[in-house]
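Chemist:
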Amino acid sequence: MLHPSRVMSFSGTRKWVLHTLLTRLKSDSQSNDSIKVINHFQYSMFCLLVFMCFGERLDDGKVRDIERVQRQMLLRFRRFNVLNFWPRVTRVLFFKLWEELLRVRKEQEDVLVPLIRARKQRRGTEGGGLRDDDGFVVSYVDTLLDLELPEEKRKLNEEELVTLCSEFLNAGTDTTSTALQWIMANLVKYPHVQEMVVEEIKEVVGERVREEREVKEEDLQKLPYLKAVILEGLRRHPPGHFVLPHAVTEDVVFNDYLVPKNGTVNFMVAEIGWDPKVWEDPMAFKPERFMNDEGFDFDITGSKEIKMMPFGAGRRICPGYNLALLHLEYFVANLVWNFEWKVPEGGDVDFSEKQEFTTVMKNALQVQLSPRI
0 MLHPSRVMSF SGTRKWVLHT LLTRLKSDSQ SNDSIKVINH FQYSMFCLLV
50 FMCFGERLDD GKVRDIERVQ RQMLLRFRRF NVLNFWPRVT RVLFFKLWEE
100 LLRVRKEQED VLVPLIRARK QRRGTEGGGL RDDDGFVVSY VDTLLDLELP
150 EEKRKLNEEE LVTLCSEFLN AGTDTTSTAL QWIMANLVKY PHVQEMVVEE
200 IKEVVGERVR EEREVKEEDL QKLPYLKAVI LEGLRRHPPG HFVLPHAVTE
250 DVVFNDYLVP KNGTVNFMVA EIGWDPKVWE DPMAFKPERF MNDEGFDFDI
300 TGSKEIKMMP FGAGRRICPG YNLALLHLEY FVANLVWNFE WKVPEGGDVD
350 FSEKQEFTTV MKNALQVQLS PRI
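Numbering (numbering that gives the first Met the number 0), first residue to last: 0 to 372.
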């Protein structure tokens with residue numbers, strides 16, 4: 000699913016989701032002086048990831064159902080974690096919490112299983128796939144339905160399919176919509192940065208401005224300052240302040256420090272990106288720090304050096320980091336290209352944080368939008 004050719008096959012879907020997002024923002028801004036954008040971001044990301052997962056453009060009600068059950072599980076994630084510790088005991092001690100987990104899981108299955116079954120049935124009648132605007136599209140669930148567990152010599156069951164589809168949806172929706180809100184909040188707070196992105200787009204799009212209001216995916220490689228803005232947003236406001244913990248299977252000595260066998264290592268992502276020994280004025284929002292005389296130049300994978308790690312680093316880096324960067328670049332570019340984003344009169348941007356599944360804005364971003372003509 001994350002191979003460049005597969006990612007490219009969903010370009011028509013991204014364009015459709017962009018149109019949906021812009022339409023919703025325009026409608027909301029015409030009815031209200033200021034609007035809260037996070038709900039629009041989350042809905043749009045769910046539309047996109049649901050299609051990538053199931054190969055279907057679902058109606059509003061079904062998307063809302065998926066969003067509801069997924070967020071129910073996400074927001075309870077930390078509370079449910081206690082059940083992983085000595086399960087035989089914690090299920091008795093916290094039986095109400097266990098019942099709550101079973102209820103949420105049942106609701107999740109009730110929503111996702113029919114989609115899996117529908118896709119399986121359609122594969123049997125239409126040769127294994129549907130067609131998007133760009134042609135044949137293989138969805139994530141298609142790859143799971145084709146998968147066979149080698150040792151057990153069997154296909155995945157529905158419970159396993161639900162779990163994997165749920166992980167796929169969570170990985171691409173909550174983190175991306177969270178990062179998108181943080182980045183747009185900074186572009187509202189610092190309008191000169193927003194205008195620099197717009198001017199860069201104008202130089203690339205050129206005469207197309209008269210014909211259309213879309214920054215195309217092929218334009219993104221020509222927008223180094225936009226890429227710097229995205230990375231500065233991820234450095235300053237990583238959606239996850241910790242990546243998944245890692246463990247060693249044997250004693251490891253690193254820089255004269257012993258990590259004992261079975262030791263668990265947690266990486267403090269936010270603190271790494273805010274280290275004053277590495278970054279000058281680390282708490283300021285300065286995309287220029289990622290630019291040099293030749294334009295944009297930074298290795299996000301950590302293969303050369305680790306100055307920030309919003310996606311992890313090395314062999315265990317998030318496999319979807321390229322997809323996440325594409326989504327952030329594509330949507331940020333088109334959001335500022337179509338609208339001027341401003342603070343509502345008498346308002347301000349509050350960068351206070353709140354910990355949910357990701358680190359979100361404590362007070363959701365409120366903006367005033369003006370269409371760019």
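Quick reminder that beta carbons are idealized off the backbone N, C-alpha and C, glycines included. For clarity, every value in this text was computed on a predicted model and none was experimentally measured.
Between which residues of its own chain and residue 132 is the CB-CB distance below 7 Å, once the five residues before and five after are set aside?
Modeler: Low confidence applies to residue 132: its pLDDT is 45, below 50, so where it sits in the model is not reliable enough to give any reading.
Chemist: Just reading off the beta strand (DSSP E) that residue 356 is part of, what are its end residues?
Modeler: Careful: residue 356 lies outside any beta strand (DSSP E) and carries neither H nor E.
Chemist: Just to confirm my understanding: we take residue 336, look at its own chain, exclude 5 residues before and 5 after, and list those with CB closer than 6 Å. What are they?
Modeler: Answer for residue 336: 200, 214, listed in chain order.
Chemist: In angstroms with no decimal places, state the Cα-to-Cα distance between residue 129 and residue 9.
Modeler: The predicted position of residue 129 is uncertain, since its pLDDT is 48 and thus under 50; no value can be drawn from it.
Chemist: Using only the alpha-carbon positions, how far apart do residue 198 and residue 137 sit?
Modeler: 37 Å
Chemist: Considering residue 224, what are the terminal residues of the beta strand (DSSP E) in which it resides?
Modeler: Per DSSP, residue 224 lies in no beta strand (DSSP E) segment; the continuous alpha helix (DSSP H) that holds it begins and ends at 223-235.
Chemist: Should residue 180 and residue 360 be called a contact, given that it needs their Cβ atoms to be closer than 7 Å?
Modeler: yes
Chemist: Please classify residue 127 as buried or exposed, where buried requires at least 16 neighbouring CB atoms within 10 angstroms.
Modeler: At residue 127, the pLDDT of 47 sits below 50, so the modelled position is not reliable and the matter cannot be decided from this model.
Chemist: Quick test of the definition: if touching needs 3 or more C-beta pairs under 8 Å, does the region 324-333 touch the region 245-256?
Modeler: no
Chemist: Please classify residue 369: is it buried, with 16 or more other beta-carbons within 10 angstroms of its beta-carbon, or exposed?
Modeler: By the neighbour-count criterion, in which a residue is buried when 16 or more other Cβ atoms sit within 10 angstroms of its Cβ, residue 369 is exposed.
Chemist: What residue range does the beta strand (DSSP E) around residue 86 cover?
Modeler: Premise fails: residue 86 lies in the alpha helix (DSSP H), 86-92, not in any beta strand (DSSP E).
Chemist: Who are the Cβ neighbours of residue 268 in its own chain at under 7 Å, not counting the five residues just before and after it?
Modeler: 237, 239, 240, 241, 242, 308, 309
Chemist: Using only the heavy atoms of the ligand NAP, determine whether one of them is closer than 6 Å to the beta carbon of residue 205.
Modeler: This structure lacks the ligand NAP, and indeed carries no ligand of any kind.
Chemist: Roughly how many angstroms lie between the CA atoms of residue 287 and residue 93, to the nearest whole one?
Modeler: Near 51 Å, if we compare the C-alpha coordinates of residue 93 and residue 287.
Chemist: Could you check how far apart the C-beta atoms of residue 35 and residue 363 are, in whole angstroms? I think they sit under 8 Å.
Modeler: Beta-carbon to beta-carbon, residue 35 and residue 363 are separated by about 5 Å, close enough to satisfy the 8 Å threshold.
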